[in-house]
Each structure stands twice: as structure tokens, then as C-alpha cells.
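Enquirer: Mind looking over this structure? Questions follow.
In this note's numbering, the protein residues as written are 71 to 367.
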């Protein structure tokens, strides 16, 4: 798989709540339920403000789609001066597949989903993503807009199976929003996700994910990037926050963890599958990165 698909497969996002949110008047909520979760919503009608610690407030307008993957507490509301209430206290967490009306409704309408992230590496992977990813659904973004419109239809008509269909559409909406952000905004960020948007780094990253067992060196990866060894290493570090070999090793260990927990392969076979010539070398690398031996893990 490509890197984005592989990382999402490790995160195992499961649509937990897919719903519409219809708010009116002066309102504000503190989204205090984001730890270990990803929110992906689109503004269908009206405007609202979104703010989080360490970032400038952002005004969201009809046509905006936003993804919140970092787990930070977020405040959203009609304006920045309204005293917020905790979302976990005022919204029913069991109303998936419905439209929730808040404070009378009528002014702002959002639709989307909250995803539970069950992968064992969720915290590490989510921390490398931008805290807010915002894209527009207008213009030629037909696929994203189509998923949103179909989701609204399912929520509105509540036909048999609507909840399941809406959840599947929410997954499509999430991936399409991430694709658009990669294409248009990610060049300003730091992390593996941002590196996918760098035309000189996306090739080496795709190669690592396509064949993690390959005996990659910085020179081999630099050749794929069409850069000198030193220039590639520095660019990779600046864009991802770590060296190429550190990234490769960490990704190998994540794959190894999945194999250890889900498969029946021997340690020797797992070691070979992630690029180590001996079980001893694999054990040493695993303990250095994960803090425990493979057997202990």
C-alpha cells in the first residue's frame, strides 16, 4: 500500500459517531473528547469559530471541511466571547446516525464523524499530524462534496441501513479530506504526513513503505530523490523531524509489532520480513526502539 493507506491501516480508524449538528444563536462547546480520536466534519451552513491552545483562532465557513487528529482540546462556537460548555456533558454520545439540534438550531449546520483510533501506535502517529487540517469542499472537489452530500441524505432520510452507510461515507470523507490537504496545504507542516507532499521526499517514502525489508541506506534513498546524500538527509530531517534511518527503523518496528500481536510467524521470520538478517539483530533494534524485547512485547 501507499504510505497514507498503510498508516491509516495501522491506526484502524473506526467511525464511532456519524451525525449532523444543527446549532443556533450564541453557543460554544469545548470538544473535550478528542484523545485517541479523529474528528472529520464539514460546515454545510453558516459560520463558526474554532480555536485551540497554541494556535490562532480560525473562522470556518460553509464549504469548509476540517480534520482534528491531534487529540488537543478544541473550542468551537458562534463567536470567541461565548462561555463554552463541555461537549461531553451536553451532547448525547449515543446519537449516531441522527441530527443533533443544539440551542434551537437554524444558524450553523455541520455533518461528519468521530473516529475511534484503536491501533497500538495511534498516539505516536497522531502526534506527527497537524493539529488542524482545513480544506474547502467547493470548486472541483467533486468526490469530497459527493461523500458529504450522500452522508447528509442518509442522515436525513434514516432508511434501513443508513447508519452503516453513513459510517462508510465518513471514511471516504476522511481520506478525501486528507488527500486534499496533502495536495494543497501540507507543504507548511513538519512530519511524515508533510513529507508526502514534498515531491523529492515522497518517492523515498513510498519506496520505504513498499519494501521495508530492503537494505535501505541514506545513499540509496537520496538517489531515489535525485539529491546528494547530505542534502537529502538534511531535507528529510527538516521535513519529518527525524533522520531517514530513524524513520525507517521506527516504521519497521511498528510493522513488527502488528505481526507479533496478530500473526503466528516466528521471530526469525518477522525479523526477515522487516529487514533484519538475524533474530539477534532484530531483537537488539526492537528493544532499543520499543523499550522491551519482542517476546516481552
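Note that beta-carbon positions come from the ideal geometry of N, C-alpha and C, so glycine has one too.
Nothing here was measured: the structure is a model prediction, and the numbers come from that model.
Can you round the beta-carbon distance between residue 82 and residue 187 to whole angstroms, since I take them to be within the 8 Å contact cut?
Expert: 7 Å
Enquirer: Under DSSP, the alpha helix (DSSP H) around residue 172 begins and ends at which residues?
Expert: Taken as a continuous stretch (DSSP letters only), residue 172 belongs to no alpha helix (DSSP H), being part of the beta strand (DSSP E) at 169-172.
Enquirer: So residue 133 and residue 183 are supposed to be a Cβ contact under 8 Å. How far apart are they, rounded?
Expert: Not a contact, Cβ separation roughly 18 Å.
Enquirer: Are there 16 or more other CB atoms within 10 angstroms of the CB of residue 224, so buried, or fewer, so exposed?
Expert: buried
Enquirer: With a threshold of 16 other CB atoms inside 10 Å of the CB of residue 280, please say whether the residue is buried or exposed.
Expert: exposed
Enquirer: Counting pairs of Cβ atoms below 8 Å between the region 91-105 and the region 154-161, do you hit three or more?
Expert: yes
Enquirer: Leaving out the 5 sequence neighbours to the left and right, which residues in its chain are closer than 8 Å to residue 349 when beta-carbon positions are compared?
Expert: 337, 338, 341
Enquirer: Quick one: grab the DSSP three-state call for residue 121.
Expert: strand
Enquirer: Please work out which residues of its chain come closer than 7 Å, Cβ to Cβ, to residue 346, disregarding the five sequence neighbours upstream and downstream, and give them in chain order.
Expert: 352, 355, listed in sequence order.
Enquirer: Residues in its own chain within less than 8 Å of residue 277 by CB, not counting five upstream and five downstream?
Expert: 284, 286, 291, 294
Enquirer: For a test of the three-state rule: what should DSSP assign to residue 305, helix, strand or coil?
Expert: helix
Enquirer: Could you check which residue in 128, 214, 202 has the C-alpha nearest to that of residue 181?
Expert: Distance from the Cα of residue 181 is smallest, within the candidate group 128, 214, 202, for 214.
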